[in-house]
Amino acid sequence: MSPETAAATSARPPAARIEEELEVTAFKLSEWMASQGIFIFTAALVLFAVVFIDGFASLPNLTDVFNRAAPIGIVAAGMTFVVISGNYLDLSVVAQVATAAVVLIAVTNAVGLLPAIAFALLIALAYGIVNGIAVGVFKANAVIVTLSTTFIGLGLLRWLTGGSIYFGDSDGPIRTFGTTRIGPLPLSMILFVVVTIVLSLVLTRTNFGFMVRAYGSNREATRLAGVNTPLVVIGAFTMSALGAMLGGFVLAAFSNTAVSAMSDGYDFRALAAIIVGGTSVFGGRGSVMRTLLGVIFVSVLTNIMVLTGLGFGFQQMAIGLLIVLAVTVDALARKTRAS
Amino acid sequence: MTRTELEPQPPANEETSPAAGGSPVERVRVILSRRTEGRAVALLMVVWVFTLLFEPLVWTSYEVTLGRIALVGLVALGLTAVILMGELDLAVASTLAVSGVIMASFDNLLLGVLAALATGLLVGAINAFFVVVVGINSFIATLGMLFFLRGAAFVLSGEQPVRIADVDAGIAFGQPVIGPLTPRMLIFIVAFVALYVFLSHIRVGREFYAVGGNRQAARDAGIPVTRRVFTGFMISGFISAMAGVINTLERTAADPTAGSTVLLASFAAAIIGGVLLNGGRGSVFGTLIGASALGMLQVALTLSGVQVDVQNIVIGGVLLLAVITDPASLRAAAVTARSLVQGRAVRQDTG
Amino acid sequence: MSETAQPTASAEAGSTASVPVVEGRNIIKRFGGTQAVDDVSIAVARGEVHGLVGENGAGKSTLMRVLAGVLAPTEGEVLIEGRHLEPGDTRAALDAGVSLVHQELSLVPEMTVAENILLGSTPTRAGVIDGRTQRRIAGEALEEIGVSVDLDEPISRLSVAMRQFVEIARAIARRPRVLILDEPTATLTPAETDHLLATLKRLARTDLAILYISHRIPEIFTLCDRVTVLRDGKLVICDEIGNYTPDSMVQYMVGRELQLDMANRRIDPELGEVVLSARGLQAPSVNDVDLEVRAGEIVGLGGLVGAGRTEIVRAMIGADPRSDGETTVTLDGRRRRIGSYRAAVNAGIAYIPEERRSDGLALTMSVSDNIALPNRSKLSRTFILQRRRIAEFARSLAETVNLRPPEIKREAGQFSGGNQQKVVIAKWLGRRPDVIVLDEPTRGVDVGAKAEIHRLIRELANDGAAVLVVSSDLPELLELSDTIHVVRDGRIVGVLPGVGTEETEVMALAAGQREVDAA
């Protein structure tokens, strides 16, 4: 330290220096939390639940947790692509999940399973393309775009179904899927893990996933590298749509029924899972595996609240708070890395 | 040394042509091209034609129409203040709901109203805190608050509508006071005038445009940007709370799920009214015209027997169109289209 | 001509007034590792017009912002009329009477002229905007600088030059004690420049202290009473204008030991046909530019910051839209017109942008990923990322550019500036481009990396690529280029051969000094 700097430093009041030290510590802490925190927190939460919450560790409860986590997890895994691309989130999953569930049950009853899946696939592509073009070509804000497509989608669904509940065939393949278990693990949970692994591979091992990550990290540099960036955005929203579609299938299979209101809360639960998992809402950082952890965290948290009698309202509050906190930590971590 | 007068030079680009001089028609055309309310006016014309042809009831039962415009317009006004600064307040719907629930929890009407309005101010302050102090993008920050407050409304209300204590006051609130104008409409008119004056004639309000138009320039000029952002969000929160109070009084009960269609319509109203999402451009007039168009549209659809769900499709469609036809979006699309067309290097005959 | 690093005696406040209006004492400003301003002291008296000159990167703008209170100095202090100025507090500076006219205009596009002039000090009566007073003050300010423009016109409709005048009117309207102008004539025509200089001279007579940054030597001589010359952040000399000549001033600005790396200089390189050709380029800040680069040639674009070199280059390759003009690439006898950026990349053009952090690299991704990004089609025929191939590819390229440390898995953002730049170059090398455009390739790069990057550029040219280099580093320009095009005001004002040209020749063309001689 040169004599001038030393003089300058000691000239500053001690209070200011302490404040600065605290600030630096806070930043470093947030950086750690953003990247490593989720592992510790999830483990701690599970431990807490096992020890302190009555009924958590029982087989029926765990099965229930898995059954509920699976559809949300599949949706979150798909939506991770949108978040990593730096486009905030896809609110329209709420509409997409319910639509896929209804299509699966209703069309299977009417025509058959394969046509149902084909039709649902078309719808997913439509969502992906509409959202993708609005955000990727018109560069409109993803939150507002997906807000509008949510209303359009839900409106269409409720209008066409009249809000009625659809019941699947009691001997049908859907029911079979929904009730099969391997030990405590429902088939849906296994599907969730498989989907997570596949999507994770897509994100990390394919050209497309590579471009999505690059776009999220730096849009301009990706454009200047010659990448067709509007296509990347359309692709990201299509992945989200496919995830929502599969999630809707699993949700329908769980109860062998489908109704337009059943996807309530999927938007913030999925977003919370993604952000809590450590994927940055600013884009470029994160992974589908982390979303898996985030899903576990959110599902366990929700389950704890249910078991302790805290209703939907409290769950929403808690998750809303979680989102804000997680983004705060993320923002502070970014500032730390920048300096 | 002689002082020479320097006249504006003819510009090199077409984009910057001065309006000084030129025929009256020229001047009017230039002034009009600068206005942002064009799309709202266009939509209003379409709605007028549609309603005159198919649902003239909208015009004859004007109290209903005016009432709807007032509610949508009120929330849209609050949004306008925030969007002008280049931010967004997604939490308006749940602020509305939560404030309504809080108001209904008080037996004393006046205390309830005050508590509700205070809640709105508090929510606004918290939003502003996360945006300027913590540094989170307002889209995400207010989205988180949206979820949080929705939950809070549920919790505080016990997941069902809460009746207000003084039901008579609520019923009286829905009655016309001056001519056909109900208290709801009067409040909207007052809010509109107040916000118009604030944004055009009060220095603090005018500085909102600077904060949104060029935030760095505003800082360089010594404008306290942080304070302005707080003010903007608190205005939006306050107005949303007021809308919640109005809603609760008129229905004599606070509904924790209130606000979702209002959210959609008021966003559409503000955005199609020409308030640019990047900030710095727009006017309350545009918002008024947009709210009128959307309010009339909603009433027309209701009176035609169209279900709420289809209404949502229409309004959602209007919002999507509004956000895509934003001038910046259209420019971006044009660039993409151009590069798509010229994507391949064009081969020419050898030189 | 002496080239002292010591400030001369007249660096102290002018002999007239007792207390200088604005004074900077031993100002030091560091940004991370770089020393932008190194122990500079400067003082301006009442009624004095003080010029501040230096090359790109000499530290003028930084010093200006410190004196204006916008930037806090690392060390040293600023005094306004003898009173200490609180660093970094814009409001305090404004209240103390310091008005800064920025280089990037600080105006709100959608607000009117009158509103912008009074921005931040809008007159009010009990909170309500006093429109009449606002217009009166704005009108007076405009009259003061002799400019006529509609007070209700929104800024977005004004020409860039007129915006500059509005910005100046805003600075005047506050009735400041000291007016600081940073390159105010960059966007003005000669007539407008004359007008501004006359106005400033008149204002100085009203006891206003003026601090004037400019590259344009003729202006400095017309306007200033005393001039401080900075070079590489240090004070070279501060003297009365009468003690300079235009040549001596340029010499002070530029006069380092010319350590040109002549050993590696390409003499008489083999040039092929014209590969890259641009005709009639027209865009914002680009005025009818024609440019040609041959195979194996290194063409350098020189000029001052803001001259429009980056704009020319980006308009040429389609990275930014252009309003007119055509770019063609001729390879193997086939000529192709380039319409868009992607067409340019597909035609074999590689672009290394000026801002590597914001445009050149995905900082949160690994070096390997960054290198792979423009090379995807070469690296994998299917949709699957061939990790091993990418790693090999990246490793070999990292070796070619001598990346240090050669850890291709590390995040790009964690490397030094020089190494980051090497990564940007490496990723394009993989495509074996026929045309390479580099914008400020060694800015913020350490000496060792700089030499390596120069070696790479020469190798590329020797292998037959057409190379276009934009550089503000005069020695670099002279060491590398076979031909130098000098840019000023968005047009090419001179073409010089690479060999045998002096730095002062380039600087003179860039700064407009040649015009003085012609007149």
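Protein chains in written order, with numbering that gives the first Met the number 0: chain A, 0 to 338; chain B, 0 to 350; chain C, 0 to 518. Note that beta-carbon positions come from the ideal geometry of N, C-alpha and C, so glycine has one too. In this text the structure is predicted, and so the values were computed from the model without any measurement.
The residue from C:320, C:194, C:92 with its alpha-carbon nearest to that of residue 330 (chain B) is C:320. Between the beta-carbon of residue 208 (chain C) and that of residue 328 (chain C) there is about 53 Å, and that puts the pair past the 8 Å contact cut. Of the candidates A:296, A:65, A:289, A:76, A:296 places its Cα closest to the Cα of residue 42 (chain A). Residues of chain A with a Cβ closer than 8 Å to the Cβ of residue 316 (chain B) are, in chain order, 147, 151. Identification of residues in the region 204 to 234 of chain A having a C-beta nearer than 9 Å to some C-beta of chain C yields 204, 205, 206, 207, 208, 209, 210, 212, 213, 214, 215, 216, 217, 219, 220, 221, 222, 223, 224, 225, 226, 227, given in sequence order. Contact between residue 167 (chain A) and residue 256 (chain A) holds, with the beta-carbon distance rounding to 7 Å and staying under 8 Å. Within chain A, 137, 138, 139 have C-beta atoms less than 7 Å from the C-beta of residue 328 (chain B), given in sequence order. Residue 306 (chain C) is a Cβ neighbour of residue 487 (chain C), given a cutoff of 8 Å. From the beta-carbon of residue 384 (chain C), the residues of chain A found nearer than 7 Å are 204, 205, 206, 209.
With a 10 Å radius around the Cβ and a threshold of 16 neighbouring Cβ atoms, residue 352 (chain C) comes out buried. If you check each beta-carbon in the region 296 to 323 of chain C against every beta-carbon of chain A, the ones closer than 9 Å belong to 318. With respect to chain A, the C-beta atom of residue 139 (chain B) has a partner C-beta closer than 8 Å. Within a 10 Å sphere around the beta-carbon of residue 174 (chain B) sit fewer than 16 other beta-carbons, which makes this residue exposed. At a Cβ-Cβ threshold of 8 Å, residue 245 (chain B) and residue 186 (chain B) count as neighbours. Counted as a single uninterrupted DSSP element, the alpha helix (DSSP H) harbouring residue 194 (chain C) occupies residues 189 to 203. Contact between residue 235 (chain B) and residue 81 (chain B) holds, with the beta-carbon distance rounding to 5 Å and staying under 8 Å. Under the three-state reduction of DSSP, residue 129 (chain C) is assigned to coil, being neither helix nor strand.
The C-beta of residue 292 (chain C) comes no closer than 8 Å to any C-beta of chain B.
Looking at C:25, C:114, C:103, C:374, the one whose alpha-carbon comes closest to that of residue 75 (chain C) is C:25. In this structure, residue 423 (chain C) lies near residue 359 (chain C), with their beta-carbon atoms less than 8 Å apart. Residue 417 (chain C) places its beta carbon 8 Å or farther from that of residue 438 (chain C).
Residue 379 (chain C) belongs to the set of residues whose beta carbon lies under 8 Å from a beta carbon in chain A. Within the region 239 to 275 of chain A, the complete alpha helix (DSSP H) runs of at least 4 residues fall at 265 to 275.
As summarised for the region 50 to 109 of chain C, the continuous beta strand (DSSP E) elements at least 3 residues long and confined to that stretch are 74 to 79, 97 to 100, given in chain order. Under the Cβ criterion of 8 Å, residue 232 (chain B) is not counted among the residues facing chain A. Within chain B, the residues placing a beta-carbon under 8 Å from that of residue 311 (chain A) are 150, 153, 158, ordered along the chain. In this structure, residue 223 (chain C) and residue 50 (chain C) form a Cβ contact; the two beta carbons are roughly 4 Å apart against a cut-off of 8 Å.
B:205 is the residue among B:44, B:205, B:233 whose C-alpha sits nearest the C-alpha of residue 127 (chain C).
Annotation: residue 273 (chain C) to residue 298 (chain C) spans about 12 Å, alpha carbon to alpha carbon. With fewer than 16 other Cβ atoms from the protein chains shown falling within 10 Å of its own Cβ, residue 33 (chain C) counts as exposed. Residue 86 (chain B): not part of any beta strand (DSSP E); DSSP gives it neither H nor E.
Secondary structure at residue 432 (chain C): coil, using DSSP grouped into helix, strand and coil. Counting only the Cα atoms, residue 137 (chain A) lies some 27 Å from residue 324 (chain C). Put simply, the backbone Cα of residue 36 (chain A) is about 28 Å away from that of residue 93 (chain A). Inter-segment contact for the region 144 to 151 of chain B and the region 316 to 323 of chain A is present: three or more beta-carbon pairs are separated by less than 8 Å.
For the pair residue 107 (chain C) and residue 67 (chain C), the CB atoms are not nearer than the 8 Å cut-off.
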